[in-house]
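Note that my numbering has the sequence shown beginning at 73, numbered continuously upward.
Cβ atoms here follow ideal geometry from the backbone N, Cα and C, with glycine treated the same way.
Please read the structure below before turning to the comments.
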Amino acid sequence: MIYLDNNATTPLDPRVGEIMSQFLREHFGNPSSLYPIGRKVKEIINEARETVAKGLGAKKPEIVFTGSGTEADNFAIIGVLDAFPEKNELITSAIEHPAVLETGNYLEKKGIKVTYLPVDQYGTIDLDHLRDSITPKTALVSVMHANNEIGTIQPLKEISKITKEKGILFHTDAVQSFGKIDFKVDDLGVDLLSISAHKIYGPKGVGALYIRRGTHIMPFIHGGHQERLMRAGTENTSGIVGLGEAVRLIGEEGKKDKARIQKLSDKLKKGIEEKIPKVKFNGHPENRIKGTLNFSYFGLEAEAILLALATKEIFVSTGSACSEDSEEASHVLQAIGLKPEIARSSIRMSLGRFNTEEDVDTVLKELPEIVENLRQISALDIDEE
Ligand code: PLP
Numbered sequence: 073m074i075y076l077d078n079n080a081t082t083p084l085d086p087r088v089g090e091i092m093s094q095f096l097r098e099h100f101g102n103p104s105s106l107y108p109i110g111r112k113v114k115e116i117i118n119e120a121r122e123t124v125a126k127g128l129g130a131k132k133p134e135i136v137f138t139g140s141g142t143e144a145d146n147f148a149i150i151g152v153l154d155a156f157p158e159k160n161e162l163i164t165s166a167i168e169h170p171a172v173l174e175t176g177n178y179l180e181k182k183g184i185k186v187t188y189l190p191v192d193q194y195g196t197i198d199l200d201h202l203r204d205s206i207t208p209k210t211a212l213v214s215v216m217h218a219n220n221e222i223g224t225i226q227p228l229k230e231i232s233k234i235t236k237e238k239g240i241l242f243h244t245d246a247v248q249s250f251g252k253i254d255f256k257v258d259d260l261g262v263d264l265l266s267i268s269a270h271k272i273y274g275p276k277g278v279g280a281l282y283i284r285r286g287t288h289i290m291p292f293i294h295g296g297h298q299e300r301l302m303r304a305g306t307e308n309t310s311g312i313v314g315l316g317e318a319v320r321l322i323g324e325e326g327k328k329d330k331a332r333i334q335k336l337s338d339k340l341k342k343g344i345e346e347k348i349p350k351v352k353f354n355g356h357p358e359n360r361i362k363g364t365l366n367f368s369y370f371g372l373e374a375e376a377i378l379l380a381l382a383t384k385e386i387f388v389s390t391g392s393a394c395s396e397d398s399e400e401a402s403h404v405l406q407a408i409g410l411k412p413e414i415a416r417s418s419i420r421m422s423l424g425r426f427n428t429e430e431d432v433d434t435v436l437k438e439l440p441e442i443v444e445n446l447r448q449i450s451a452l453d454i455d456e457e
């Protein structure tokens with residue numbers, strides 16, 4: 073199998089799996105219990121918290137574990153808007169993940185004004201537009217770090233300069249950038265930042281929200297005293313242990329992974345452009361996470377390519393896994409100006425830690441043939457742009 077959908081989810085790193093299963097075998101205690109087996113689990117969770125904090129350049133109390141990247145996004149946005157009842161505006165971008173867009177939608181129904189900043193042809197927001205959209209009623213700006221479909225990286229440092237100037241809070245969804253771009257929260261200047269374990273070779277169903285010390289935010293899930301009263305519910309202890317190990321491995325091997333993935337991705341991009349006519353690369357040519365390659369194949373339906381590749385055990389995506397079953401063309405590709413029919417011809421390949429040069433060579437052998445065969449039987453106009 074050749075797995076090229078690492079933006080949807082990454083395989084569990086066997087080293088993470090090993091640490092988790094050892095933990096599961098040895099520790100069942102509730103971290104809130106006061107006797108030793110509970111305290112021990114609390115200690116282990118706090119070690120993971122320390123590792124995650126270090127990975128982000130944050131301090132331990134600034135990390136709250138959540139049930140997913142989606143929950144971290146919801147927490148940041150709803151938590152801040154709840155904390156500022158006198159303000160009722162949120163600014164985000166048109167190309168966010170549904171975890172943010174649908175939260176915006178939900179808040180709109182509750183009377184919050186949400187501004188969805190447009191993006192240019194490469195998927196970058198316009199800073200002047202952002203500046204002009206901020207009003208005294210704005211509680212929060214939430215703009216993602218790297219886009220999951222096209223990989224474009226937003227100018228977070230510049231955005232945070234503006235939000236600081238205006239005295240408002242800034243959240244970023246770093247679910248796709250963490251582990252792929254070197255950053256520390258202070259360099260970016262963000263107040264809140266979301267991550268998810270299953271995008272970094274960790275387990276599914278666990279994430280974290282970084283909350284800068286002193287940030288005004290309301291708890292998101294109500295109940296017990298866990299997570300310093302910010303997120304109630306007995307912790308996903310093995311998941312947190314897995315997240316900690318995944319982050320530790322990024323610290324150790326992230327640079328090496330990045331260089332290798334970049335090389336493989338450059339080769340794949342060049343090969344597609346050389347071997348397949350009538351394709352269009354989507355995303356920023358430079359300013360993007362390098363392992364993400366999104367191409368439109370004129371005249372074809374992406375599903376047909378995806379299924380043909382799947383018969384060869386090559387797994388890719390037509391965009392975001394969360395909207396894979398939707399008939400709608402990708403909101404991200406439409407936001408960068410693609411017509412719906414071109415957007416629907418687009419395939420995302422996302423490389424990761426476990427891809428090899430052989431994977432790339434196989435794709436470059438199979439894909440041109442598949443595209444050519446499909447185009448011969450396709451009724452769609454190949455020249456339509
Ligand atoms: N944000 C982005 C940019 C993502 O790509 C994803 C997952 O696809 C999420 C948020 C949601 O993360 P999770 O799957 O942990 O809920």
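- Taking the Cα positions, Ala-148 is about 13 Å away from Ile-240.
- Checking the 7 Å criterion, the Cβ of His-403 is out of range of every heavy atom belonging to the ligand PLP.
- Distance from the CA atom of Asp-258 to the CA atom of Gly-176, rounded to whole angstroms, is 26 Å.
- In the DSSP assignment, Thr-244 forms a beta bridge with Leu-265.
- The continuous stretches of beta strand (DSSP E) do not include Lys-437, which lies in the alpha helix (DSSP H) extending over residues 429-449.
- Here DSSP, grouped into helix, strand and coil, assigns Phe-370 to coil.
- Rounded to whole angstroms, His-297 and Leu-372 show a C-alpha spacing of 53 Å.
- At least 8 Å separates the beta-carbon of His-288 from that of Val-262.
- Looking at Ala-211, Gln-226 and Ala-120, the one whose alpha-carbon comes closest to that of Val-186 is Ala-211.
- Under the 8 Å Cβ criterion, the segment 104-120 does not count as touching the segment 321-341, having fewer than three qualifying pairs.
- Look at the beta carbons and you see the segment 432-445 touching the segment 372-384: at least three pairs across the two are nearer than 8 Å.
- In the three-state reduction of the DSSP assignment, Met-421 falls in the strand class.
- Shown here, Phe-147 sits in a helix according to DSSP, grouped into three states.
- Residue environment for Gln-226: buried (at least 16 other C-beta atoms within 10 angstroms of its C-beta).
- Counting along the chain, Phe-353 sits inside no alpha helix (DSSP H); it lies in the beta strand (DSSP E) bounded by residues 351-354.
- Distances taken from the Cβ of Ser-214 to the heavy atoms of the ligand PLP include none shorter than 7 Å.
- Cα atoms of His-99 and Ile-109: separation of roughly 7 Å, rounded to the nearest angstrom.
- Taken through DSSP and simplified to helix, strand or coil, Asp-204 comes out as helix.
- Per DSSP, reduced to three states, the secondary structure at Ser-93 is helical.
- Scanning Ser-268, Leu-410 and Val-172 for the CA closest to the CA of Gly-141 turns up Ser-268.
- Rounded to the nearest angstrom, the Cβ distance from Met-92 to Pro-275 is 7 Å, consistent with a contact under 8 Å.
- Counting along the chain, Ser-249 sits inside no alpha helix (DSSP H), nor does DSSP assign it H or E at all.
- Pairing Gln-248 with Ile-361 gives a Cβ-Cβ distance under 8 Å.
- Two segments are said to touch when three or more pairs of C-beta atoms, one from each, lie closer than 8 Å; by this definition the segment 215-223 touches the segment 401-409.
- Beta-bridge annotation (DSSP): Asp-198 is not paired with any residue.
- The Cβ-Cβ distance between Asn-359 and Phe-367 does not fall below 8 Å.
- Around Glu-161, the same chain offers Ile-184, Lys-185, Val-186, Thr-187, Thr-207, Lys-209, Thr-210 and Ala-211 as residues with beta carbons nearer than 8 Å, after the five sequence neighbours per side are excluded.
- Set against 7 Å, the gap from the CB of Ser-140 to the closest heavy atom of the ligand PLP is smaller.
- According to DSSP, residue pairing for Tyr-75 in a beta bridge involves Phe-387.
- Around the CB of Lys-271, 16 or more other CB atoms lie within 10 Å, so the residue is classed as buried.
- Taking C-beta atoms as the reference points, Asn-78 and Gly-305 fail to come closer than 8 Å.
- Taking 8 Å as the cut-off, the beta carbon of Lys-330 is found closer than this to the beta carbon of Lys-252.
- In the DSSP assignment, Glu-161 forms a beta bridge with Lys-185 and Thr-210.
- For Ala-407, the enclosing alpha helix (DSSP H) stretches over residues 403-407.
- Per DSSP, the unbroken beta strand (DSSP E) holding Ala-280 starts and ends at 279-283.
- Taking all protein chains in view, the Cβ of Met-73 is surrounded by fewer than 16 other Cβ atoms within 10 Å, so the residue is classified as exposed.
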